[in-house]
Amino acid sequence: MPVDPYILLLLGTVGLAALVPARGTSADVASGASTAAIAFLFFLYGARLSTREALDGLKHWRLHVTVLACTFVIFPLLGLAARGLVPVFLTDPLYQGLLFLTLVPSTIQSSIAFTSMARGNVPAAICAGSFSSLVGIVITPLLAAALLGSSGGFSVDSLLEIVLQLLVPFLAGQLTRRWIGGFITRHKKVLGLVDRGSILLVVYTAFSEGMVQGIWHQVSPLRLGGLLIVEGVLLALMLALTWYGSKALRFGREDRIAIQFAGSKKSLASGLPMASVLFGAHASLAVLPLMLFHQMQLMVCAVIAKRRSHDSLPEETAGVSAPESAAASRTSVGTAPRSG
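Here's what the structure looks like:
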């Protein structure tokens, strides 16, 4: 099973923060640079998303509602149920991170890749991931307020900070897309490196603050093992629910594939910036479950997608949702923002 090279870079960044954490003035500079990088990251997301294509994707509304329900209803309910695993499997800080993991939006890039590999409805996966990322800018902090409360460091000020750092740059990107959209499309590989570099900076800043605060003494190898087991069960449940639940809802094969891959994933790119705002110095423990889950979902979904690609295609592949799939398939696949 593949190991995402980017995960190795993330782990290397964590190691760098452990050995050479930013302190004093360096910490202030890193924090300021991280804030600017987050804003620029979401500006690029906004500039990449085609408003027209997003509106076209609304024609397949049943699929998008299903994915949103999986992402922002079923996932959080499972996260709340995991409270019963404290303190046997999880410490309270690790549980807070696990619960936060269940609140963040779905991925875009990996959902598209796996849906394409499995011969699913790629345009639907693009729109579903894009809608999830956009809705998550507002829904995730509100869910954090309701479910994490003061333990997550949430306040009205933190909500305002998220709006200023994420939503305002995203809207600015949308407004300027008509002038810079072509440039971004032509240089998407270079700007993709900017995306990932921004996230690495956020990780370094968060884990540096954690080292200075000494919170890593709260984590033991045994607790990490327990966290991995819990996340494995969580992922298995969501993969099963999205696949068999979408069948019960009478979606066709291509749509079920898109629902499974978009509805069972969580975005590292969206979650990290939000965690840095909501959790502050404790963000390192808060994002640890998300980082582990991110790699786990990539490994497992890569195997599933490969097996789905060898499935025989029945004549009734489109199923009941065939008209909707046809409408969604007219959506272009080239301008979605990268996330996850």
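With numbering that gives the first Met the number 0, letter number 17 in the sequence shown gets 16, and the count goes up by one each step, no holes.
Note that beta-carbon positions come from the ideal geometry of N, C-alpha and C, so glycine has one too.
Bear in mind the structure is a predicted one, so any value in this text is a computation, not a measurement.
Sequence-distant residues of the same chain with beta carbon closer than 8 Å to residue i, five excluded per side
i, result
"alanine 171", "Phe42 and Gly45"
"leucine 199", "Leu8, Leu9 and Thr12"
"proline 4", "none"
Distance between residue j and residue i (C-alpha atoms, nearest Å)
i, j, result
"proline 122", "phenylalanine 88", "40 Å"
"methionine 237", "phenylalanine 74", "8 Å"
"proline 168", "serine 311", "45 Å"
"alanine 348", "alanine 285", "Since the first and last residues shown for the chain are 0 and 339, residue 348 lies out of range."
"serine 133", "alanine 17", "For the record, residue 133 in the displayed sequence is leucine; it is not serine. The straight-line gap from Cα to Cα measures roughly 33 Å."
"leucine 142", "leucine 159", "15 Å"
"leucine 267", "arginine 249", "31 Å"
"threonine 316", "alanine 235", "Note that threonine 316 has pLDDT 43, beneath the 50 cutoff, so the model's placement of it is unreliable and no number is given."
"proline 140", "alanine 68", "17 Å"
"histidine 59", "valine 28", "45 Å"
"glycine 191", "isoleucine 179", "15 Å"
"valine 218", "glycine 31", "28 Å"
"glycine 96", "valine 64", "26 Å"
Backbone secondary structure at residue i - three-state DSSP
i, result
"arginine 118", "coil"
"valine 87", "coil"
"serine 311", "coil"
"glycine 318", "Any reading at glycine 318 must be qualified, since the residue scores a pLDDT of 43, below 50, and its modelled position is unreliable; no value is offered."
"isoleucine 37", "helix"
"serine 25", "helix"
"threonine 106", "coil"
"serine 269", "helix"
"leucine 248", "coil"
"lysine 264", "coil"
"leucine 238", "helix"
Contacting residues, own chain, Cβ-Cβ under 7 Å from residue i (five flanking each side not counted)
i, result
"arginine 397", "Because the chain here runs from 0 to 339, residue 397 falls outside it and cannot be looked at."
"glycine 135", "Val103, Pro104 and Ser269"
"leucine 271", "Ile198, Val201, Val202 and Val286"
"alanine 117", "Ile256, Ala304, Arg307 and Ser308"
Close beta carbons around residue i, own chain, < 6 Å, minus the five adjacent residues each side
i, result
"isoleucine 138", "Phe71"
"alanine 261", "Val66, Ser105, Ser110, Ala124, Ala127 and Gly128"
task = Determine contact between the stretch 31-41 and the stretch 95-112, defined as no fewer than three beta-carbon pairs at a distance below 8 Å.
result = no
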